[in-house]
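Chains as they are written, first to last, in our numbering: chain A, 33 to 469; chain B, 1303 to 1716.
Even glycine gets a Cβ: it sits at the ideal position worked out from N, Cα and C.
Next up, the structure:
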């Protein structure tokens, strides 16, 4: 037992030290994403932040832990702007619009999918409810720190105490159902959404009129409160949309109500890239290995990234995990380049552009002094299929290490790789017990 | 001649054993040519005359006839072979009218022919062709105890009147959850019942074969199409292609194969790495699940390193696009192999497992799978390492005909 305590204390201490003591990674090729690549680079992190980066003569603080990284590639941690890891759930089938439902209340942070995301180099992820509703609930931005609780993994909180995140909406065929309270046509879909947003505007007006007088305030309505957050730009709408006309419908709704919105999937983006660029609205896109499988994706192409980039639109990538596996998120950039996107654009779409889509670009998305020390050690160029994520670091602490066979399991798969039991402290505990016995 | 043999001969003729391919002549010169049958050739040339390869070697050693069309590329490899697909039966739109890979009316329907359902004009066929896949082993999918037959066709064939390499390649079966009946009270509901049904069916076919023998002595016997095809399986004229993922199902399959002396090909094999010795001893080739298949249910324990382990064990294996019920509607074997290449298998073994090995497993290695004199002029051209995600297929040649000049990942080229 004492040995167990000792082991756990060591773990706690070492992770604290990782935060406080400066660490220098020396000799790697560094892709900061903002700014040019550094061939023989030095990255210094401390207190969870990037302290400095530059060439071989970068000043390394005295007492810093030095880490040889020659032959490796260092880049910022990946930002997945649309995922369903953690067994995410949202609204149920009782209504098509459920703004009060929070994905955070459904998450299993011990899910193997979370560990797979770390193994894929994802450090920030927008976890969303599904797309079978016009509005399926509040999303949550997770920072994949070591830990298994929402408070540890939360990116932040909104004033009302809910976790920082957006609002998931969808149009096209997914929210349509032949019966029940769900819409049967596209026009009805928009009518239902419009009705709720008008109601939210009314609620917002009453709140304003009431000012600080609690007696004048309207009765609390959690759905309306959440939609007011959307109207006030505190919650970005993450809008699932595929077909060209549905994409433009989202842009019209955005114009009508003025909310912040990100287009998701955007399968027909290549058809309406100029309209998207003109609107100033960003896109979070995904590449699938072949078109079809779903009517709305019959015209999906690898050129979507290139088309949006050329038009001047902001574009990030997502996994939509489990549609694609978080472990091959880097591959999205390869596919984008195959479709004609620039290397720089594709690397940004994995990182900084994703951060911008989540309004988190001041904290994450590139390696820059003062930003969070979220970065990856790769075995080769990020666009190469032969590259492996060797280590994933979040805020100066290592959260994934391919050299550890137990963690490597989540990268390559194998017996037990899908079991939702990952918990580093528990594994260490088991190991300590074995030693004790 | 027995009636069975007569019937089979008729079947063969009716299904149109393809006439000699309408081939053309051209030459491919590549900075790096991979014949697969031998070592890579820097600055290599493959010469195709009237659809067949007439020479392969260094550019310096091969005279390209005057006026012959010459294609150039950084890398050229044998046309890729998709080891197990449902393309052409499972269409792009994923609507009831274009989904013919699985008939749900009964658990055992070995008489269903792939050729009777194949749509060579489905956009996904062209999509795969544009990425360098020249031959597909396609047909009935997993999802029924015996779902039907498979066949082999070139991806350039828009109709089944040409380009067919084998009108009947295998009989497709499934064990485990995939073959479980979804309807309460309808068999098979359990794993044991699945094997019991298969055993009964095979015993029935054995009886049929025995009666057929007797019939040769003058007795009449009504034809039974279902038993005829299973008779071919029992005579090892057709392999039984069995989808199984759990190690226990793979071992059940090996027991069944021993019991009836069947020629077996394992399809899927998510847990194949747990039973390598048994697979090796039984000499069973594996058409491995897509490397990027989703990890849930029976595939939860799949590993990106299975391909490398099969390779090390000396078990013949290949890749497959498989069947997908959602997106992507078809996978691309080139990219599935790429993931294996980067997870322990390496370039050379991955390329072989994508060309020559599947040709051998499918018994079409006399026609395709490597760049060798006398084989079909099927070549895939790339502007870099074919496995790199950022590379492009810049040309696909089938029977000496340039059937694609750029991949359709950028949209339909036609």
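Where the beta strand (DSSP E) through residue 1331 (chain B) begins and ends: Reading the second chain from its first residue, position 29 is the one you call residue 1331 (chain B). Its beta strand (DSSP E) spans residues 1328–1335.
Short CB-CB distance (under 8 Å) between residue 452 (chain A) and chain B: Position 420 of the first chain, counting from 1, holds the residue named residue 452 (chain A). So no, residue 452 (chain A) is outside the interface.
Beta-carbon proximity of residue 201 (chain A) to residue 271 (chain A), cut-off 8 Å: The residue you call residue 201 (chain A) lines up with position 169 of the first chain. The residue you call residue 271 (chain A) lines up with position 239 of the first chain. Yes, Cβ-Cβ distance for residue 201 (chain A) and residue 271 (chain A) is below 8 Å.
Burial state of residue 1399 (chain B), where buried means 16 or more other Cβ atoms lie within 10 Å: The sequence position of residue 1399 (chain B) within the second chain is 97, counting from 1. Looking at its Cβ environment, which holds fewer than 16 other Cβ atoms inside 10 Å, residue 1399 (chain B) is exposed.
Any chain B beta carbon closer than 8 Å to residue 323 (chain A): Residue 323 (chain A) sits at position 291 when you count from the first residue of the first chain. Yes - at least one Cβ of chain B is within 8 Å of the one on residue 323 (chain A).
Residue 450 (chain A) (DSSP reduced to helix, strand or coil): Numbered from 1 along the first chain, position 418 holds the residue referred to as residue 450 (chain A). Note: residue 450 (chain A) maps to coil in three-state DSSP.
C-beta neighbour in chain A for residue 1316 (chain B), strict 8 Å: Residue 1316 (chain B) sits at position 14 when you count from the first residue of the second chain. With a pLDDT of 42 at residue 1316 (chain B), under the threshold of 50, the modelled position of that residue is not reliable, and no figure is offered here.
Near-chain A residues of the region 1381–1404 of chain B (beta-carbon distance less than 8 Å), N- to C-terminal order: Of all residues in the region 1381–1404 of chain B, 1393, 1394, 1395, 1396 and 1397 have a Cβ within less than 8 Å of some Cβ in chain A.
Cβ-based burial, residue 1606 (chain B) [other Cβ within 10 Å; buried from 16]: For the purposes of this step, residue 1606 (chain B) is taken as residue 304 along the second chain, with counting starting at 1. Buried is the call here.
Inter-residue spacing [alpha-carbon to alpha-carbon] between residue 361 (chain A) and residue 1503 (chain B): Position 329 of the first chain holds residue 361 (chain A). Position 201 of the second chain holds residue 1503 (chain B). C-alpha separation (whole angstroms): 46 Å.
Simplified DSSP state of residue 256 (chain A), which is helix, strand or coil: Here residue 256 (chain A) refers to the residue found at position 224 when the first chain is read from its first residue. Helix, per DSSP.
Proximity test, Cβ basis, 8 Å: residue 1625 (chain B) and chain A: As a position in the second chain, residue 1625 (chain B) is number 323, starting the count at 1. Chain A contact via Cβ: absent.
Selection of the region 87–109 of chain A by Cβ proximity to chain B, strictly under 8 Å: Residues are counted here when their Cβ sits less than 8 Å from a Cβ of chain B; for the region 87–109 of chain A the count is zero.
Three-state secondary structure assigned by DSSP to residue 134 (chain A): In the first chain, the residue the question calls residue 134 (chain A) occupies position 102. Strand, per DSSP.
Inter-stretch contact (C-beta, 8 Å, three-pair minimum) for the region 1569–1581 of chain B and the region 1537–1554 of chain B: Yes: at least three Cβ pairs fall under 8 Å.
One or two residues paired with residue 1476 (chain B) in a DSSP bridge: The residue given as residue 1476 (chain B) occupies position 174 in the second chain. Answer is B:1545, bridged to residue 1476 (chain B).
Local Cβ density within 10 Å of residue 1428 (chain B), reported as buried at 16 or more and exposed below that: To locate residue 1428 (chain B), count along the second chain from 1; it is residue 126. So residue 1428 (chain B) counts as buried.
Length of the line joining the Cα atoms of residue 1433 (chain B) and residue 1700 (chain B): As a working mapping, residue 1433 (chain B) is identified with position 131 in the second chain. As a working mapping, residue 1700 (chain B) is identified with position 398 in the second chain. Our two residues, residue 1433 (chain B) and residue 1700 (chain B), have alpha carbons roughly 13 Å apart in a direct line.
Cα-Cα separation, residue 1552 (chain B) to residue 1602 (chain B): As a working note, residue 1552 (chain B) is residue 250 in the second chain. As a working note, residue 1602 (chain B) is residue 300 in the second chain. CA-to-CA, the gap between residue 1552 (chain B) and residue 1602 (chain B) works out to about 15 Å.
is_contact[residue 1436 (chain B), chain A] using C-beta, thresh 8 Å: Here residue 1436 (chain B) refers to the residue found at position 134 when the second chain is read from its first residue. At least 8 Å separates the CB of residue 1436 (chain B) from every CB of chain A.
Environment of residue 1418 (chain B) [buried if 16+ CB atoms lie within 10 Å]: The residue given as residue 1418 (chain B) occupies position 116 in the second chain. If you draw a 10 Å sphere on the C-beta of residue 1418 (chain B), you find fewer than 16 other C-beta atoms in it, and that means exposed.
Chain-ordered neighbours of residue 124 (chain A) on chain B, where CB pairs are closer than 8 Å: For the purposes of this step, residue 124 (chain A) is taken as the residue at position 92 of the first chain. Going along chain B, no residue has its Cβ under 8 Å from residue 124 (chain A), so there is no contact; the nearest lies around 22 Å.
Continuous alpha helix (DSSP H) stretch holding residue 140 (chain A): start and end: Locating residue 140 (chain A) in the first chain gives position 108, where the first residue counts as 1. It is not in any alpha helix (DSSP H) - residue 140 (chain A) carries neither H nor E in the DSSP assignment.
7 Å CB neighbourhood of residue 395 (chain A) in its chain, flanking five on each side removed: As a position in the first chain, residue 395 (chain A) is number 363, starting the count at 1. Within the same chain, residue 395 (chain A) has close Cβ partners 403 and 404.
Residues of the region 1681–1700 of chain B with Cβ closer than 8 Å to any Cβ of chain A, in chain order: Of all residues in the region 1681–1700 of chain B, 1689, 1690, 1691, 1692, 1693 and 1694 have a Cβ within less than 8 Å of some Cβ in chain A.
Top-ranked residue by Cα proximity to residue 1710 (chain B), from A:408, A:334 and A:63: Taking the second chain and counting its residues from 1, the one referred to as residue 1710 (chain B) is at position 408. Ranking the options by Cα distance to residue 1710 (chain B), first place goes to A:334.
Where the beta strand (DSSP E) through residue 110 (chain A) begins and ends: Residue 110 (chain A) sits at position 78 when you count from the first residue of the first chain. Residue range 110–115 is occupied by the beta strand (DSSP E) that includes residue 110 (chain A).
Residues in the region 343–371 of chain A having any Cβ partner in chain B nearer than 7 Å: Taking a C-beta cut-off of 7 Å against chain B, the contacting residues of the region 343–371 of chain A are 354, 355, 357, 360, 363, 366, 367, 369, 370 and 371, listed in chain order.
Neighbourhood of residue 242 (chain A) by C-beta distance below 6 Å, restricted to the same chain and skipping five residues each side: As a working note, residue 242 (chain A) is residue 210 in the first chain. Taken in chain order, the residues that qualify are 248 and 249.
Inter-residue Cα distance where the pair is residue 1495 (chain B) and residue 1489 (chain B): If you number the second chain from 1, residue 1495 (chain B) lands on position 193. If you number the second chain from 1, residue 1489 (chain B) lands on position 187. Roughly 7 Å between the two C-alpha positions.
Nearest-angstrom Cα separation, counted from residue 1349 (chain B) out to residue 366 (chain A): If you number the first chain from 1, residue 366 (chain A) lands on position 334. If you number the second chain from 1, residue 1349 (chain B) lands on position 47. Rounded to whole angstroms, residue 366 (chain A) to residue 1349 (chain B) spans 33 Å at the Cα level.
Residue-chain proximity (residue 1708 (chain B), chain A), Cβ-Cβ < 8 Å: Along the second chain, one-based indexing puts residue 1708 (chain B) at 406. Taking 8 Å as the CB threshold, residue 1708 (chain B) stays off the interface with chain A.
Spatial distance of residue 60 (chain A) from residue 417 (chain A) (CA atoms): Locating residue 60 (chain A) in the first chain gives position 28, where the first residue counts as 1. Locating residue 417 (chain A) in the first chain gives position 385, where the first residue counts as 1. Taken atom to atom, the span from the alpha-carbon of residue 60 (chain A) to that of residue 417 (chain A) is near 19 Å.
Residue 95 (chain A) burial status per 10 Å Cβ neighbour count (16 or more: buried): Taking the first chain and counting its residues from 1, one reaches residue 95 (chain A) at position 63. By the Cβ neighbour-count rule, residue 95 (chain A) is exposed, with fewer than 16 other Cβ atoms within 10 Å of its own.
Host alpha helix (DSSP H) of residue 385 (chain A) (start-end): Within the first chain, numbered from 1, the residue matching residue 385 (chain A) stands at position 353. Taken as a continuous stretch (DSSP letters only), the alpha helix (DSSP H) holding residue 385 (chain A) covers 384–389.
Distance between beta carbons of residue 199 (chain A) and residue 135 (chain A), contact taken as under 8 Å: Locating residue 135 (chain A) in the first chain gives position 103, where the first residue counts as 1. Locating residue 199 (chain A) in the first chain gives position 167, where the first residue counts as 1. Cβ-Cβ separation between residue 135 (chain A) and residue 199 (chain A): approximately 10 Å, too far for a contact (criterion under 8 Å).
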